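What follows is one structure encoded as structure tokens, with my remarks underneath.
The structure is reproduced here in structure tokens:
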């Protein structure tokens, strides 16, 4: 692993379309990039036991989670020919329909970004200690099963 310090990947609340757009726009002038790929995780209004999810409240062991995100990032850079990568995850309340996970990768090659993005998102879901409490329309709640 490189000597880069883990960075804080958490954003309070939903990840806005302006933030996503600004992050992507930074790479438009890089002539070594041939492809970008983006994953947006969005809170679903699932119906569970006849109750509809209205939001998810995300919590995390932040230091541990940031270290895991860093390890996933470094593993992806080592495994794939990537030019850049952004990973951001929400903490706090995120309403149904809003974005809670933003992953963006760039590479000189199109096929690389597809494989890299799947690797990254699957690793996040499997290894990062971020927890979601589903809040239902009736204000009851339950801890979210990882899906």
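Residue numbers (this note's numbering): 63 to 209.
Cβ coordinates follow ideal geometry from the N, Cα and C atoms, glycine included.
Computed from a predicted structure; not experimentally measured.
Straight-line CA distance for residue i to residue j?
i, j, result
"residue 53", "residue 158", "Absent from the structure is residue 53, since the part of the chain shown begins at 63 and ends at 209."
"residue 194", "residue 92", "36 angstroms"
"residue 284", "residue 203", "Since the displayed the chain opens at 63 and closes at 209, residue 284 lies outside it and no answer follows."
"residue 192", "residue 174", "27 angstroms"
"residue 144", "residue 94", "10 angstroms"
"residue 186", "residue 120", "14 angstroms"
"residue 85", "residue 110", "35 angstroms"
"residue 172", "residue 142", "12 angstroms"
"residue 66", "residue 114", "42 angstroms"
"residue 63", "residue 133", "For residue 63, the pLDDT reaches just 43, beneath the cut-off of 50, and the residue's location in the model is therefore unreliable, leaving the point undetermined."
"residue 99", "residue 112", "36 angstroms"
Run through the DSSP bridge pairs and tell me what residue i is partnered with.
i, result
"residue 103", "163"
"residue 126", "DSSP, once it has assigned bridges, lists no residue as partnering residue 126."
"residue 197", "117, 203"
According to DSSP, simplified to helix, strand and coil, what is residue i?
i, result
"residue 202", "coil"
"residue 113", "strand"
"residue 72", "strand"
"residue 81", "helix"
"residue 153", "strand"
"residue 44", "What is shown of the chain runs 63 to 209, which leaves residue 44 out entirely."
"residue 86", "helix"
"residue 138", "helix"
Does the Cβ of residue i have 16 or more other Cβ atoms within 10 Å, making it buried, or fewer, making it exposed?
i, result
"residue 128", "buried"
"residue 135", "buried"
"residue 152", "buried"
"residue 168", "buried"
"residue 76", "buried"
"residue 88", "exposed"
Below 8 angstroms on the Cβ atoms is my guess for residue i versus residue j; work out the distance and round it to an integer in Å.
i, j, result
"residue 139", "residue 150", "Incorrect: roughly 17 angstroms between the Cβ atoms, too far for contact."
"residue 197", "residue 117", "5 angstroms"
"residue 160", "residue 105", "6 angstroms"
At a Cβ threshold of 7 angstroms, is residue i touching chain D?
i, result
"residue 86", "In the structure shown, chain D does not exist; there is a single protein chain."
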